[in-house]
Amino acid sequence: MRIACAIVILALLGGAAHAQSAAPVQKYGDPDKEKTQTEIEAEKQAERAYKRSLGNVPNATGPVDPWGGVRSDSTQKTVAKPAPAKRTKPATPAN
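In terms of mature numbering (1 follows the signal peptide of the UniProt record, and there is no 0), the sequence shown is residues -19 to -1, 1 to 76.
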(Lines of atoms letter the chains of each structure in order from A and count residues from 1; the text may use other names and numbers.)
(Lines give C-alpha, C1' and ligand atoms only; values in the text may rest on other atoms or scores of the structure.)
Protein backbone atom coordinates (compact mmCIF):
# COMPACT_ATOMS: atom_id res chain seq x y z
CA MET A 1 0.00 0.00 0.00
CA ARG A 2 2.86 2.37 0.79
CA ILE A 3 4.41 1.72 -2.60
CA ALA A 4 1.13 2.49 -4.37
CA CYS A 5 0.76 5.76 -2.45
CA ALA A 6 4.35 6.71 -3.26
CA ILE A 7 3.78 6.05 -6.97
CA VAL A 8 0.60 8.16 -6.99
CA ILE A 9 2.34 11.04 -5.21
CA LEU A 10 5.29 10.97 -7.60
CA ALA A 11 2.94 10.88 -10.59
CA LEU A 12 1.02 13.91 -9.30
CA LEU A 13 4.20 15.87 -8.62
CA GLY A 14 5.63 14.96 -12.00
CA GLY A 15 2.44 16.08 -13.74
CA ALA A 16 2.54 19.46 -12.03
CA ALA A 17 6.20 19.96 -12.95
CA HIS A 18 5.50 19.04 -16.57
CA ALA A 19 2.54 21.44 -16.74
CA GLN A 20 4.69 24.35 -15.60
CA SER A 21 7.30 23.90 -18.29
CA ALA A 22 4.89 23.33 -21.18
CA ALA A 23 3.50 26.89 -21.39
CA PRO A 24 4.97 29.05 -24.17
CA VAL A 25 6.50 32.08 -22.47
CA GLN A 26 8.30 34.94 -24.16
CA LYS A 27 11.95 34.77 -23.21
CA TYR A 28 14.13 37.78 -22.42
CA GLY A 29 15.38 39.39 -25.60
CA ASP A 30 12.78 37.77 -27.86
CA PRO A 31 11.06 40.23 -30.19
CA ASP A 32 7.49 41.17 -29.27
CA LYS A 33 4.84 39.39 -31.28
CA GLU A 34 2.91 41.52 -33.71
CA LYS A 35 -0.45 42.77 -32.43
CA THR A 36 -3.56 42.38 -34.51
CA GLN A 37 -5.63 45.38 -35.52
CA THR A 38 -8.34 44.47 -32.99
CA GLU A 39 -5.76 44.32 -30.16
CA ILE A 40 -4.42 47.74 -31.14
CA GLU A 41 -7.94 49.22 -31.23
CA ALA A 42 -8.78 47.62 -27.88
CA GLU A 43 -5.66 49.16 -26.29
CA LYS A 44 -6.50 52.60 -27.70
CA GLN A 45 -10.07 52.33 -26.45
CA ALA A 46 -8.89 51.24 -22.99
CA GLU A 47 -6.44 54.15 -22.85
CA ARG A 48 -9.18 56.64 -23.78
CA ALA A 49 -11.50 55.17 -21.15
CA TYR A 50 -8.73 55.46 -18.56
CA LYS A 51 -8.11 59.12 -19.41
CA ARG A 52 -11.87 59.84 -19.26
CA SER A 53 -12.07 58.20 -15.83
CA LEU A 54 -9.24 60.41 -14.57
CA GLY A 55 -11.42 63.42 -15.39
CA ASN A 56 -14.06 62.14 -12.93
CA VAL A 57 -11.65 62.23 -9.99
CA PRO A 58 -12.07 65.45 -7.97
CA ASN A 59 -9.04 67.61 -7.36
CA ALA A 60 -7.63 67.58 -3.85
CA THR A 61 -8.41 70.84 -2.06
CA GLY A 62 -6.10 70.30 0.89
CA PRO A 63 -5.77 68.05 3.89
CA VAL A 64 -9.02 66.34 4.80
CA ASP A 65 -9.86 65.15 8.31
CA PRO A 66 -12.55 62.46 7.99
CA TRP A 67 -12.95 62.35 11.79
CA GLY A 68 -13.17 66.14 12.14
CA GLY A 69 -16.93 66.10 12.72
CA VAL A 70 -16.62 63.47 15.43
CA ARG A 71 -14.05 65.26 17.55
CA SER A 72 -15.18 68.11 19.72
CA ASP A 73 -13.26 71.38 19.85
CA SER A 74 -13.32 71.53 23.65
CA THR A 75 -11.03 68.56 24.22
CA GLN A 76 -7.67 69.29 25.77
CA LYS A 77 -4.63 68.60 23.73
CA THR A 78 -2.18 66.37 25.49
CA VAL A 79 1.28 67.72 26.09
CA ALA A 80 4.19 65.36 25.84
CA LYS A 81 5.79 64.71 29.20
CA PRO A 82 9.54 65.16 29.43
CA ALA A 83 11.52 61.93 29.65
CA PRO A 84 12.42 60.95 33.21
CA ALA A 85 16.00 61.56 34.26
CA LYS A 86 18.23 58.52 34.06
CA ARG A 87 19.09 56.97 37.36
CA THR A 88 22.65 56.10 38.06
CA LYS A 89 23.62 52.96 39.89
CA PRO A 90 25.04 53.46 43.36
CA ALA A 91 28.70 52.69 43.68
CA THR A 92 29.09 49.25 45.22
CA PRO A 93 32.27 47.40 45.93
CA ALA A 94 33.14 44.60 43.52
CA ASN A 95 32.59 41.06 44.76
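Glycine included, every Cβ here is placed at the ideal spot set by N, Cα and C. Treat the numbers as computed from the prediction; the structure is a model and nothing was measured.
In the DSSP annotation of this structure, the continuous segment of the alpha helix (DSSP H) that includes Tyr31 starts and ends at Gln18 to Gly36. Between the alpha carbons of Gln7 and Asp13 lies a gap of roughly 8 angstroms. The C-alpha of Glu24 lies about 25 angstroms from the C-alpha of Pro39.
DSSP places Val(-12) inside the alpha helix (DSSP H), whose first and last residues are Arg(-18) to Ser2.
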